[in-house]
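Participant: Going by the UniProt record's numbering, the sequence shown opens with residue 1, and the numbers climb by one from there.
Every residue gets a Cβ at the ideal spot worked out from N, C-alpha and C, and that includes glycine.
Quantities reported herein were computed from a predicted structural model and do not represent experimental measurements.
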Amino acid sequence: MENLSTDLDRKGLIKKHEFIRVIIQCLYSLGYEESAACLESEANVSYKSAEFKLLESQILGADWDDCLDTLYGIKDLTDEVRASAVFLVFKQCLLEILSRGDDSMALALLRKQISSLNVGKEKVHKLAFGILSGNEMGKVEDHIISELRKRLLTKLEKVLPPPITLPERRLEHLVEMAVSAQIDSCMYHSSIDAVTICEDHHCGRDQIPTETYQILTDHKNEVWFVQFSNNGQYLASSSSDCSAILWEVMDDGELRLKHTLQSHQNPVSFVAWSPDDTMLLTCGNAEVLKMWDVQTAVTLKREFTCGTLMATRLRLGEACGCPSQEIHMWDIAGTWAKPLKYKGHMQNKYVIRSCFGGFNSNFIASGSEDSNVYIWNRRSSDPLEILVGHSMTVNCVSWNPKRPNLLASASDDHTIRIWGPCSSDNMKP
Ligand SMILES: [Zn+2]
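1. With DSSP as the reference, label Gly204 as helix, strand or coil.
2. Around the Cβ of Cys198, are there at least 16 other Cβ atoms within 10 angstroms (buried) or fewer (exposed)?
3. Determine the extent of the beta strand (DSSP E) in which Phe19 is found, giving its start and end residues.
4. Following the continuous alpha helix (DSSP H) through Glu168, name the residue where it begins and the one where it ends.
5. In the stretch 148 to 193, which residue ranges form an unbroken alpha helix (DSSP H) of at least 4 residues, counting only runs that do not cross its ends?
6. Does the distance from the CB of Leu246 to the CB of Asp218 come in under 8 Å?
7. At a cut-off of 7 Å, would you count Asp186 as near ligand 1, judging by its Cβ distance to the nearest heavy atom?
8. Within the same chain, show all residues whose beta-carbon is closer than 6 Å to that of Lys343, passing over the 5 residues directly before and after it, in chain order.
9. Am I right that Glu248 and Gln233 are in contact with their C-beta atoms under 8 Å? What's the rounded C-beta distance?
10. Tell me which residues share the same chain as Phe363 and place their Cβ nearer than 8 Å to its Cβ, disregarding the 5 neighbours each side in the sequence.
11. Is the stretch 74 to 87 close to the stretch 109 to 128, with three or more CB pairs under 8 Å?
12. Could you give the DSSP three-state label for Asp76: helix, strand or coil?
13. Might you give, ordered along the chain, the residues of its own chain that have their beta carbon closer than 6 Å to the beta carbon of Met346, omitting 5 neighbours on each side?
14. For Leu109, collect the residues of the same chain with a Cβ closer than 6 Å to its Cβ; drop the 5 residues on either side in sequence, then sort them by chain order.
15. Sorted by chain position, which residues of the same chain lie with C-beta nearer than 8 Å to Asp200's C-beta, five sequence neighbours on each side aside?
16. Met279 by DSSP, collapsed to three states: which one?
17. Give me the Cα-Cα distance between residue 448 and Val351, rounded to the nearest whole angstrom.
18. With distances taken Cα to Cα, identify the nearest neighbour of Asp412 among Gly12, Ala365, Val397.
19. Determine the direct distance from the alpha carbon of Leu98 to that of Glu42, and round the result to whole angstroms.
20. Rounded to the nearest angstrom, what separates Gly61 and Arg21 at their Cα positions?
21. Are the beta-carbon atoms belonging to Val226 and Ala365 less than 8 Å from one another?
22. Who are Gly357's beta bridge partners in DSSP?
Following this line, the structure appears as structure tokens:
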């Protein structure tokens, strides 16, 4: 006969009989009962353990005393699990006694045996209440009794631990865990596409922006801020040339100048989109806040003073006392004792802005005073990519919220760089 005690793999992690057992369970759960039974016969392996088979025959035959003996005879059960399993059996037993009209025997069972089980008073009270209120009483048809015994077996399958039973959908669960682990270890993962289980999962660099796709040179001085609109169709930039520019994102990812917003008297330090992307706020440094209609580039209503945003170009130590050379990520729920930290970029003198990006916000991007753009996978403190191209400090980055492989960076070298995946070899001048 075939030796089923052997291991299936070289590492000795998978026992052959256990592997066949979960396959048989899977076949049954998928409805391939003939195939499952055929495999059970051919491999001489059953997905049900000897103990569970015994319980099955005792329960279907209403052999309650032997059934209880079996449960009390199973080794390695915790008291809690054993009590829960015995309670389920007693409950079925009680229902069948009541169905026969033997109320006194039912009450004796409830008082002497069920109430002494360590299953929590609530459960026992609920059962007693059911009897008193009539929910559990009355003649029950034989076919219903038979069905309830099968349901009891299903419940016991969930209560009793492996290897007596197998957890539900064991093979599917193992495959799900394997796929999830592969996705979790995929540092470039930025896709909503379904992952195939036919091969090991791996995403390439082309999932995220890594190469300059386009250089925007319309600003006449340092570019301090960039922000994609919420719908990903526009980019707004602001500069020390006292202007802001609205850019439109074309279908091919190229950006075209839509409007130049030129009525500030001072450098424009900050822009912000309205939630519906129909309006844009621009803030002049120590000056006024202006609200613009995105489509017409007309200023709306009155101007607002905004002296509070002056700090954006101050030295970091003076402005907020943040530790330099690190980005910290905190969870809003406050469950983390410490923030996650991201290192590698340079941040000594100025405020350098960072952002989330990519599928499921899996990535963090940041400008840097060494002229590079840094990208981290959220799970790692070391940079995943360092994008080289700017010639001076990169002040701000913005990741397109609708195009996970499009990133914009603003630099003191007067340019905005649009970064795309490495497969895009046709850089727009
Ligand atoms: Zn991936």
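Facilitator: Let me spell this out:
1. By 1-based counting over the sequence shown, the position of residue 204 is 204. Coil at Gly204, not helix or strand.
2. Position 198 of the sequence shown, counted from the start, is the residue given in the question as residue 198. Cys198 is exposed by the Cβ-count criterion.
3. Here residue 19 refers to the residue found at position 19 of the sequence shown. Counting along the chain, Phe19 falls outside any beta strand (DSSP E), though it belongs to the alpha helix (DSSP H) covering 16 to 30.
4. Along the sequence shown, one-based indexing puts residue 168 at 168. Run containing Glu168: none; DSSP gives neither H nor E here.
5. Here the runs fully enclosed are 170 to 184.
6. Position 246 of the sequence shown, counted from the first residue, corresponds to residue 246. Position 218 of the sequence shown, counted from the first residue, corresponds to residue 218. Against a cut-off of 8 Å, the Cβ pair of Asp218 and Leu246 comes out as no contact.
7. The count along the sequence shown starts at 1 and reaches residue 186 at position 186. Checking the sequence shown, residue 186 turns out to be Cys, not Asp. Because some heavy atom of ligand 1 lies under 7 Å away, the Cβ of Cys186 counts as near it: yes.
8. Locating residue 343 in the sequence shown gives position 343, where the first residue counts as 1. Around Lys343, the same chain offers Glu326, Ser381 as residues with beta carbons nearer than 6 Å, after the five sequence neighbours per side are excluded.
9. The count along the sequence shown starts at 1 and reaches residue 248 at position 248. The count along the sequence shown starts at 1 and reaches residue 233 at position 233. Contact between Glu248 and Gln233 holds: CB atoms are separated by about 7 Å, below the 8 Å threshold.
10. As a working note, residue 363 is residue 363 in the sequence shown. Within the same chain, Phe363 has close Cβ partners Ser190, Ile208, Phe356, Gly357, Ile375, Trp376, Asn377, Arg378, Leu384, Trp399.
11. With the rule of 3 Cβ pairs closer than 8 Å, the stretch 74 to 87 counts as touching the stretch 109 to 128.
12. Locating residue 76 in the sequence shown gives position 76, counting from the first residue. Residue state, collapsed to three classes: coil.
13. Here residue 346 is taken as the residue at index 346 of the sequence shown, counted from 1. Excluding residues within five positions, the ones whose Cβ falls inside 6 Å are Ser368, Glu369, Asp370.
14. As a working note, residue 109 is residue 109 in the sequence shown. Excluding positions up to five away in sequence, the list reads Leu94.
15. In the sequence shown, the residue the question calls residue 200 occupies position 200. Cβ neighbours of Asp200 beyond the five flanking positions: Gln182.
16. Taking the first residue of the sequence shown as position 1, residue 279 is located at position 279. If DSSP states are grouped into helix, strand and coil, Met279 belongs with the strands.
17. Any answer about residue 448 is impossible in this case: the structure gives the chain only from 1 up to 429.
18. In the sequence shown, residue 412 corresponds to position 412, counting from 1. That would be Val397, whose Cα lies nearest to the Cα of Asp412.
19. Looking up residue 42 in the sequence shown gives position 42. Looking up residue 98 in the sequence shown gives position 98. Using only the alpha carbons, I get a separation of about 44 Å.
20. Taking the sequence shown and counting its residues from 1, one reaches residue 61 at position 61. Taking the sequence shown and counting its residues from 1, one reaches residue 21 at position 21. Between Gly61 and Arg21, the C-alpha separation is close to 26 Å.
21. Walking along the sequence shown from the start, residue 226 turns up at place 226. Walking along the sequence shown from the start, residue 365 turns up at place 365. Not closer than 8 Å, so no.
22. Residue mapping note: residue 357 aligns to position 357 of the sequence shown, counting from 1. DSSP, once it has assigned bridges, lists Phe363 as partnering Gly357.
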